[in-house]
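Participant: Mind having a look at this structure? Questions to follow.
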Amino acid sequence: MTSTLELLDKEKHQKLKINNQLTNCKHNQTNTAAVTIGELSTLVHEYAIFISKSPSSEQFQLVAILGLKSGENLYLKDNQWQATYLPLDILRRPFQAFVPDPSHLSEGRIAIDVSSEQVGTKLGQALFDEQGNASEYLQKIQKTFAELMSGTEQTQVVLEEANKLQLIEPVTLNIELADQEKASLKGLYAFNKEALTKLSGADLEKAHQSGVLQVSHLLLSSTLHLQKLINWSSK
3 MTSTLELLDK
13 EKHQKLKINN
23 QLTNCKHNQT
33 NTAAVTIGEL
43 STLVHEYAIF
53 ISKSPSSEQF
63 QLVAILGLKS
73 GENLYLKDNQ
83 WQATYLPLDI
93 LRRPFQAFVP
103 DPSHLSEGRI
113 AIDVSSEQVG
123 TKLGQALFDE
133 QGNASEYLQK
143 IQKTFAELMS
153 GTEQTQVVLE
163 EANKLQLIEP
173 VTLNIELADQ
183 EKASLKGLYA
193 FNKEALTKLS
203 GADLEKAHQS
213 GVLQVSHLLL
223 SSTLHLQKLI
233 NWSSK
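Quick look at the structure:
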């Protein structure tokens, strides 16, 4: 755990407050956010979603594309988020899951990044009351992490099934921006349309029963939002 991350403690952090109105802060200046299957049906209406590999576990995960360059979040404008729905991975910040063993996600604990601009003692949402009980805000954060943990496990199962069916392929997004500038997003994966159309028999049934087909259609439909990012980047 990095030096600015501290395991949440009701005594040590009783006076801390989170200014969750401050959206344009360092930890949100990222061009991807992890997404779980439970969020897909909502997020695909506003974000292009692809597959990547978790840097910690090397397992497949879903990611929403927020920008076309490293550290670029085009959904942030004048401290406002340019979408109705935010990924849970954004909503949980400045908190992080501290998971010593990635194979046992349920045993993880919540840590707080005390270096975040959102963390202070004057403005924002209190974490604990005077008795040391979790505030309503912190209870929402705890619920968010519970959804993230269960959703991450479910997502890994579905994507692993898709990989077994040889439906996932690596992709590089080469994008032409304004003024002949180019952007390249690497390390991504997508569903292979041709492989999907060739599914039949037992494999088709597996893909249907496991949720792979539904997820593949949602991801493929979401790619149209890349054009929105291209338009935003040229402004």
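First residue of the sequence shown? That's 3 in the working numbering, and the numbers climb one at a time after it.
C-beta: ideal position from N, C-alpha, C; glycine also.
1. Please return the same chain residues whose Cβ sits closer than 7 Å to the Cβ of Lys12, not counting the five positions on each side in sequence.
2. Who are the near neighbours of Ala50 in its chain, counting only those whose CB is closer than 6 Å to its CB and skipping five residues on each side?
3. Identify whether Val46 lies in helix, strand or coil by the three-state DSSP scheme.
4. Please specify which runs of the beta strand (DSSP E), each continuous and at least 3 residues long, are wholly inside the stretch 21-77, giving them in chain order.
5. Look at Gly40 and Gly153 and say whether their C-beta atoms are less than 7 Å apart.
6. Can you tell me where the alpha helix (DSSP H) holding Phe147 begins and where it ends?
7. What first and last residue would you give for the alpha helix (DSSP H) that runs through Thr199?
8. Leu24 and Gln98: beta carbons closer than 7 Å?
9. Return helix, strand or coil for Asn176, following the three-state DSSP convention.
10. Is the stretch 26-38 in contact with the stretch 139-146, if contact means three or more CB pairs nearer than 8 Å?
11. Measure how close the beta-carbons of Leu169 and Ala128 come, nearest whole angstrom, since I'm counting them as under 8 Å.
12. Could you check if Thr157 is buried or exposed, using at least 16 other CB atoms within 10 Å of its CB as the buried criterion?
13. Which residue marks the beginning of the alpha helix (DSSP H) containing Leu90, and which one marks its end?
14. From Ile53, His29, Ser218, pick the residue whose C-alpha is nearest to that of Leu93; which is it?
15. Between the C-alpha atoms of Gly126 and Pro89, what's the straight-line distance to the nearest angstrom?
Facilitator: Answer, in terms of the structure:
1. Phe130, Gly134
2. Ile67, Ser224, Thr225, His227, Leu228
3. coil
4. If only uninterrupted beta strand (DSSP E) runs of at least 3 residues are considered, those enclosed by the stretch 21-77 are 34-37, 50-55, 62-67.
5. yes
6. 138-166
7. First-last of the alpha helix (DSSP H) with Thr199: 195-199.
8. no
9. Look at Asn176 here: in three-state DSSP terms it is strand.
10. Taking one beta carbon from each stretch, the stretch 26-38 and the stretch 139-146 have fewer than 3 pairs nearer than 8 Å; the two do not touch.
11. Going by Cβ atoms, the distance from Leu169 to Ala128 rounds to 47 Å, so no, they are not a contact pair.
12. buried
13. Taken as a continuous stretch (DSSP letters only), the alpha helix (DSSP H) holding Leu90 covers 90-93.
14. His29
15. 21 Å
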